[in-house]
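Everything below concerns the one structure shown next.
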Amino acid sequence: MNVLGIETSCDETAAAVVRDGCRVLSNVVLSQTDLHAPYGGVVPEIASRRHAEALPGIIDEARRRAGLAWHEIDEVAATAGPGLAAALLVGLSAGKGLALALERPFCGVNHLEAHLYSLFLGASAPAPGEICPCVALLVSGGHTCLVRVERPGSYRMLGRTVDDAAGEAFDKGANLLGLGYPGGPAIDRAARGGARDAVRFPRGRQRKGAGCPDGLDPALCFSFSGVKTALLYYLREHPAGGAGPAVADIAASYQEAIVEALVRGCRGALEGARCLAAAGGVALNGRLRERLAALAAAAGVRLVLADPAYCTDNAAMVAAAAGAGRGIRGAAGLRLDAWPNMPLA
Amino acid sequence: MNADQGTLRIVSRSIAQTRAAAARLVRRLRGPAVIALHGDLGSGKTCFVQGLARALGVAAAVTSPTFTLVNEYRGKRPLYHIDLYRIRHPNELFGIGFEEYLESDGITAIEWAERAGDLLPASAIHVRLTARAKPCEREICIEWSP
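Each protein sequence line maps, in turn, to chains F and R. At position 136 of the first sequence (counting the first as 1) the number is 136 in my numbering, and the numbers step up by one without a gap. Numbering-wise, my numbering comes out as the position in the second sequence, counting from 1, plus 1000.
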């Protein structure tokens, strides 16, 4: 079954075709950092209007690269939430319209669930049933959460950030350090060879007794606004070019504080799990991948990291989730409105 | 703080005090309001909005909308939490329904509000947060327009 997926929950305008939930036939992403892509010219950083302008071309490109005619598309899927309402609405409306025109079913997909299904894409990826029960860390610019996957489709939210997302902490830290955007890769690069213990930054954990949303365990929740503020004050007291540690050391120390918090959360959630998984843009971070590998080895569980090609927002993961039978279909699917706070479970 | 206009200066020595300052502001509000927040990274803007949320009876955790741009919460009155950190030009705001949030029936709190330029209403309450020398201290200046 060929599913055409659409993703417009945040900055990326994306479409993809995936066969049977796992074989990616095409994956087209127009990103804000991709200024020379064939459709946009110079792209304003944020505008749902840009999604609307670019999406028809991106969808057709995904179909052509898949080598399929329109009648060979069996289902159309689009992200319904969570995300920015105006941006979601563009992809959702386009998806419904296309499904109706092609006389094919429409499927509305949860963005976080789509990130989970990115784990099953790529040459060395496992099948969904192989990794359960599993603890998955979803980390990106907008999301940071720990999810227990009992079996495909059965999720329990274990913990999440109470303020900033991990990717946001990277971006804002890179900004403070003058390393540019996007901040995740910039800090990853700058930190190479740096001393991770040069500066002791706070570990980005929720304080005991501070309370957590929805009755979540504070030990599995994250807080990253403190580490950002600590960096701000550190740089104020130790201006660049001074006698203190080099930028590489500060970047490595800052990165370590964020990574350490994420790894500790994973460690606390692993009991009874067969597998540890990570997906989302921050899952590209080299130090996080290294530390998760060490944790999985020590705990004797399998490690599954999303293929780097599918870590940041993309539509292949949306089509994969739909192709695996997930999502909302039928009349309910067609009635779906953009759902900015759509829950995973 | 006058109910119609004026300036209130508060020195906050903790996260709890910053949240309390926000709660004080909420108690003064009679109808819908736009609260424009100004201050550098790490000055406590999101913390202030967490105080607004708590005072409005929002049960959910208030997380940063830097990437999502807008988060909506249901409390005694709706709270719209907007973050313009990634906005470079006010034109970009037309695509996200920004004006509708300004005319909403609830409390609209906007971080990095200066990036909205002329789109901010004259009636907006401006809250300026400045980090002081001591790491935990912030000066909070709340300005009520005439």
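Think of the CB as a built atom: it goes at the ideal place given N, C-alpha and C, for glycine as much as any other residue. Fair warning: this is a prediction, and the values are worked out from it, not measured in the lab.
Nearest-angstrom Cα distance between residue i and residue j?
| i | j | result |
| --- | --- | --- |
| L292 of chain F | E256 of chain F | 13 Å |
| A99 of chain F | E75 of chain F | 7 Å |
| I328 of chain F | R1115 of chain R | 38 Å |
| V135 of chain F | V147 of chain F | 6 Å |
| D1076 of chain R | V1058 of chain R | The amino acid occupying residue 1076 of chain R in the given sequence is Lys; Asp does not appear at that position. Computed Cα separation, rounded: 8 Å. |
| D337 of chain F | A331 of chain F | 12 Å |
| E130 of chain F | L121 of chain F | 14 Å |
| F224 of chain F | A165 of chain F | 7 Å |
| Y1073 of chain R | N341 of chain F | 9 Å |
| C266 of chain F | A296 of chain F | 10 Å |
| L344 of chain F | R326 of chain F | 12 Å |
| T161 of chain F | G1117 of chain R | 31 Å |
| F1098 of chain R | A1122 of chain R | 15 Å |
| L216 of chain F | A278 of chain F | 20 Å |
| G333 of chain F | N110 of chain F | 12 Å |
| A949 of chain R | A174 of chain F | Beyond the ends of chain R as shown, which are 1001 and 1146, falls residue 949 of chain R; an answer cannot be given. |
| V301 of chain F | G183 of chain F | 31 Å |
| S48 of chain F | G244 of chain F | 44 Å |
| C1047 of chain R | R1019 of chain R | 6 Å |
| A123 of chain F | A80 of chain F | 28 Å |
| L119 of chain F | D11 of chain F | 21 Å |
| T312 of chain F | E271 of chain F | 28 Å |
| N1002 of chain R | Q1050 of chain R | At N1002 of chain R, the pLDDT of 41 sits below 50, so the modelled position is not reliable; the number obtained from the coordinates is stated separately. If you take the alpha carbons of N1002 of chain R and Q1050 of chain R, they lie about 23 Å apart. |
| V1062 of chain R | L1119 of chain R | 25 Å |
| L276 of chain F | A66 of chain F | 32 Å |
| P38 of chain F | A14 of chain F | Bear in mind that a pLDDT of 39 at P38 of chain F, under 50, signals an unreliable position, so the number given afterwards is only what the model happens to contain. Between P38 of chain F and A14 of chain F, the C-alpha separation is close to 13 Å. |
| A1161 of chain R | E53 of chain F | In the structure as shown, chain R begins at 1001 and stops at 1146. Residue 1161 of chain R is therefore absent and cannot be evaluated. |
| G370 of chain F | F1067 of chain R | Beyond the ends of chain F as shown, which are 1 and 345, falls residue 370 of chain F; an answer cannot be given. |
Does the Cβ of residue i have 16 or more other Cβ atoms within 10 Å, making it buried, or fewer, making it exposed?
| i | result |
| --- | --- |
| V1011 of chain R | exposed |
| P56 of chain F | exposed |
| P308 of chain F | exposed |
| A298 of chain F | exposed |
| V43 of chain F | The predicted model places V43 of chain F with a pLDDT of 38, which falls under 50 and marks its position as unreliable; any figure quoted below should be read in that light. V43 of chain F is buried by the Cβ-count criterion. |
| E72 of chain F | exposed |
| P128 of chain F | buried |
| N1091 of chain R | exposed |
| Q1005 of chain R | exposed |
| S1043 of chain R | buried |
| W339 of chain F | buried |
| S1145 of chain R | exposed |
| K172 of chain F | buried |
| R236 of chain F | exposed |
| A69 of chain F | exposed |
| G41 of chain F | Interpretation of G41 of chain F is limited by its pLDDT of 32, a score under 50 that renders its predicted location unreliable; the figure taken from the coordinates is listed afterwards. Under this definition G41 of chain F is an exposed residue. |
Can you check DSSP and say which residues form a bridge with residue i?
| i | result |
| --- | --- |
| C132 of chain F | C132 of chain F is not bridged to any residue. |
| R329 of chain F | Answer by DSSP bridge pairing: none, since R329 of chain F is not bridged. |
| C1141 of chain R | R:R1009, R:R1128 |
| F106 of chain F | F:V76 |
| A277 of chain F | F:A136, F:V304 |
| S154 of chain F | F:R151 |
| R1086 of chain R | Answer by DSSP bridge pairing: none, since R1086 of chain R is not bridged. |
| T13 of chain F | F:L30 |
| C145 of chain F | F:L138, F:R160 |
| T312 of chain F | DSSP lists no partner for T312 of chain F. |
| I1107 of chain R | R:A1033, R:L1079 |
| R19 of chain F | F:N2, F:R23 |
| H1038 of chain R | R:R1128 |
| E61 of chain F | Answer is none; E61 of chain F lacks a bridge partner. |
| G81 of chain F | F:N110 |
| Y117 of chain F | Paired residues: none, contrary to the question. |
Is there contact here, the stretch 274-294 of chain F with the stretch 21-32 of chain F, by at least three beta-carbon pairs under 8 Å? no
Going along the chain, which residues of the stretch 1096-1112 of chain R sit with their C-beta nearer than 8 Å to a C-beta in chain F? I1096, G1097
On the three-pair Cβ rule with 8 Å, is the stretch 4-21 of chain F touching the stretch 80-99 of chain F? yes
Residues of the stretch 1040-1058 of chain R in Cβ contact with chain F at a cutoff of 9 Å, in chain order, please. D1040, L1041, G1042, S1043, G1044, T1046, C1047, Q1050
Along the stretch 324-344 of chain F, where does the CB come closer than 9 Å to a CB of chain R? Name the residues. P340, N341
Can you give me, in chain order, the residues of the stretch 79-94 of chain F that have a beta carbon less than 9 Å from any beta carbon in chain R? P82, G83, L84, A85, A86, A87
Taking a Cβ distance cut-off of 7 Å, strictly less, list which residues of the stretch 158-173 of chain F are near chain R, in chain order. T161, V162, D163, D164, A165, E168, K172
Would the stretch 100-113 of chain F count as touching the stretch 1080-1097 of chain R if we require 3 or more Cβ pairs under 8 Å? no
What residues in the stretch 1002-1022 of chain R have a beta carbon less than 7 Å from any beta carbon of chain F? none
In the stretch 127-161 of chain F, which residues sit with their C-beta less than 7 Å from some C-beta in chain R, listed in chain order? G141, G142, T161
Residues from the stretch 216-232 of chain F in contact with chain R, defined by Cβ distance under 7 Å: S225, K228, T229, L232
Closer than 7 Å, Cβ to any Cβ of chain F: which residues of the stretch 1059-1084 of chain R, in chain order? A1060, A1061, T1063, S1064, T1066, F1067, T1068, L1069, V1070, E1072
Can you give me, in chain order, the residues of the stretch 1118-1146 of chain R that have a beta carbon less than 7 Å from any beta carbon in chain F? P1135
Between the stretch 47-71 of chain F and chain R, which residues of the former have a C-beta closer than 9 Å to a C-beta of the latter? A47, S48, R49, R50, H51, A52
Assess, as a yes-or-no matter, whether the stretch 177-195 of chain F is touched by the stretch 1027-1042 of chain R under the definition of 3 or more beta carbon pairs within less than 8 Å. no
Does the stretch 53-70 of chain F come close enough to the stretch 1012-1019 of chain R to have 3 or more Cβ pairs within less than 8 Å? no
Return the residues of the stretch 173-206 of chain F that lie within a Cβ-Cβ distance of less than 8 Å from chain R, sorted by chain order. N175, L176
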